[in-house]
Amino acid sequence: MIATLIIVYVAIVLVLFKVLRIKPTAYIIAAMIVAGVFMIGGVVVVWTQSAPITDKMVTSQYVVQLVPYVKGQVKAIHAQANQRMKKGDLLLEIDPAPYQYTVNQVEAQLAASKANVMQAEAALATAKTAIPNAQAILAKAKAADELAKTQEQIALNIQRADRAAISQLNVAKAAQERQEADAAVQQAEAGLAQAQASAQQAAAALQTAQSNVPTIEAQLDDARFNLAQCKMMAPGDGYVTNWQVQIGTMLVPLPLAPAGTFVNVSDTAVAAVFPQNWLSNVEPGDDVEMVLNPYPGRLFLGKVDYVIPATGGGQFTPSGTIPNAAKIGSDGLYAVRINFSDDAVARKLSLGSGGSAAIYTQKGKATHVISKVTIRMKKWLLYVIPSVEKPAS
C-alpha cells in the first residue's frame, strides 16, 4: 500500500510538472514535499498503530530439567531423544533393588508392630477380665471377714457373761479365724490393686504399640514413594532432548546434574517484541497472523494473550555497586505473548522457531491490508531467502 501511495504521489508530481507544465517554484516544490510527507507519513503512522508487524519473534515452550528424586544407577532407558511422548509415559528406570529392600524391611516392621498391637489388645482384655474376678474375691473375703468378726464378738460376749459357758479355746479359735479373715481381705485388696495396675499397664502398652503403627506406616509410604520415583515419567506431552545418561549411569538428585531436558509442547506460544509506541491499541484477543521460518508457505493464526508491560532494562539488581548512569537505558521494546488458534498445530511446532508476526487491532482497519500483504510476501519469500539473522555489527 505504501508503494502504491508512492507511485500515486510520483504520478501526481509528473502530471503537474510534465503534463500541465506548472512552473516549479520554491513554494510549489515545498508544498508538494509537505503533501507527500503527510500523505505517506500519515498512512504509515496509522498503519504502525493499527496493524504492527515485527520480525523479532520466537516460538516458546516450557523446558523441564529431568532431575531424579532418588539416587541410583540407570537400569533402562525407554525414551529416545526427540521422540514424542505422552504425559505419564516412562522415560527411564533407576535400579529399584535398594528401595525395594527398604520397602520389604519397613513392611516387616509394620507387620510386627500390628502384631504387637494385637498382643497388647489381648493382654488388656485379659487384664480387664481379672478385675471383676479380683473384685468378687474381695467381696467374698469381706463377707467372710464380717462373719468371723461377728463370731468372735459373740464368743467374747458369752465369755464376759459366763466364763464357764464357753471355753477359752473356742474364744481363741474365733479370734484366729477373724485374723485369718482380715488377712484374706488384705490379700484380696492387694489382688484387686494388682489387677487394676496390670490393666493400666496393659492399656499403656497398647497405646504405645498403637502409636508406633502410624510412624511405621509413614515410613512405609516414604519408602514406597522412593521406590516409585525409580521410574521417571514424562511431566507432560513433549519430547526429551539432550540425554546425558546411558545404562549404568549413576544419577543423583542434584539440579546441577540433570539426566536430560524435557520440552513440554502442551503449552506452545509465541513471544514477539514490538516498539512500545506501536502497542497503544493492542488488546488481548486481537487477531494475529504469523509466518515461521522453518515452515515456508504456511500462515499461522493466533490471538494476543497479553502484553508484558515491563522490560528488563528497568530492573536493578541489589548490589554494592552504584548503577552506571551511562549504561541506563531501554531498547524501547515490549514483549507480547501470542497463543496459537489451533492447539493441535501448535503441538507440532519446533521450539525456538523465528519468524514474523502481525497484530490486527480494532483501529484503522483500512490499513490492515498493508500488514496482510507484507506477511504473505514473507511467507513465500522464505522459500528463497535464508532465515538467518545477521549478526549485530
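Residue numbers (my numbering): 141 to 533.
In this text, a Cβ means the ideal position worked out from N, Cα and C, and glycines have one as well.
Do the stretch 382 to 392 and the stretch 211 to 224 touch if we need at least three Cβ pairs shorter than 8 Å? By the criterion of at least three beta-carbon pairs nearer than 8 Å, the stretch 382 to 392 is in contact with the stretch 211 to 224.
Return the first residue and the last residue of the alpha helix (DSSP H) that Asp483 is part of. Where Asp483 is concerned, the enclosing alpha helix (DSSP H) stretches over Asp483 to Arg487.
Classify Phe440 as buried or exposed, calling it buried when 16 or more other Cβ atoms lie within 10 Å of its own Cβ. Burial of Phe440 is indicated by the presence of at least 16 other C-beta atoms within 10 angstroms of its C-beta.
So if DSSP puts Asp235 in a beta bridge, which residue, or which two residues, is it bridged to? Under DSSP, no beta-bridge partner is assigned to Asp235.
Kindly indicate which residue of Tyr435, Lys443, Leu473 and Asp445 has the alpha-carbon position closest to the one of Gly452. Distance from the Cα of Gly452 is smallest, within the candidate group Tyr435, Lys443, Leu473 and Asp445, for Leu473.
Near the ligand NAD: Leu154 beta-carbon under 7 Å from a heavy atom: For the ligand NAD, the structure offers nothing, since it holds no ligand at all.
Nearest-angstrom Cα separation, counted from Ser459 out to Thr194: In a straight line, the C-alpha of Thr194 is about 36 Å away from that of Ser459.
Reference Leu287; option with closest CA among Ala265, Ala260, Leu264 and Ala324: Closest option to Leu287, Cα to Cα, is Ala324.
Per DSSP, which residues does Gln205 bridge with? Please list them. Per DSSP, Thr401.
Expressed to the nearest angstrom, what Euclidean distance is found between the alpha-carbon atoms of Thr290 and Glu320? Roughly 14 Å between the two C-alpha positions.
Identified DSSP bridge partners for Val476: The partner list for Val476 (beta bridge, DSSP) reads Ala412 and Val447.
Take the Cβ of Val428 as the centre, count every other Cβ of all protein chains shown within 10 Å, and call the residue buried at 16 or more, exposed below. Buried, since its Cβ has 16 or more Cβ neighbours within 10 Å.
CB Ala374 to CB Asp482, shorter than 8 Å? Taking 8 Å as the cut-off, the beta carbon of Ala374 is found no closer than this to the beta carbon of Asp482.
For the alpha helix (DSSP H) that Ser496 lies in, which residues bound it at each end? Boundaries around Ser496 are those of the beta strand (DSSP E), Gly495 to Tyr500, since no alpha helix (DSSP H) includes it.
From Leu489, Phe480 and Asn244, pick the residue whose C-alpha is nearest to that of Tyr435; which is it? Checked all of Leu489, Phe480 and Asn244; the closest Cα to Tyr435 is Leu489.
Ordered along the chain, which non-local residues of its own chain (more than five positions away) have a Cβ less than 6 Å from that of Ser406? Excluding positions up to five away in sequence, the list reads Gly376 and Asp377.
Return yes when the Cβ of Leu264 is within less than 8 Å of the Cβ of Ala339, no when it is not. Yes. Within cutoff.
Report yes or no: do three or more beta-carbon pairs, one from the stretch 239 to 254 and one from the stretch 213 to 222, lie closer than 8 Å? Segments in contact, no.
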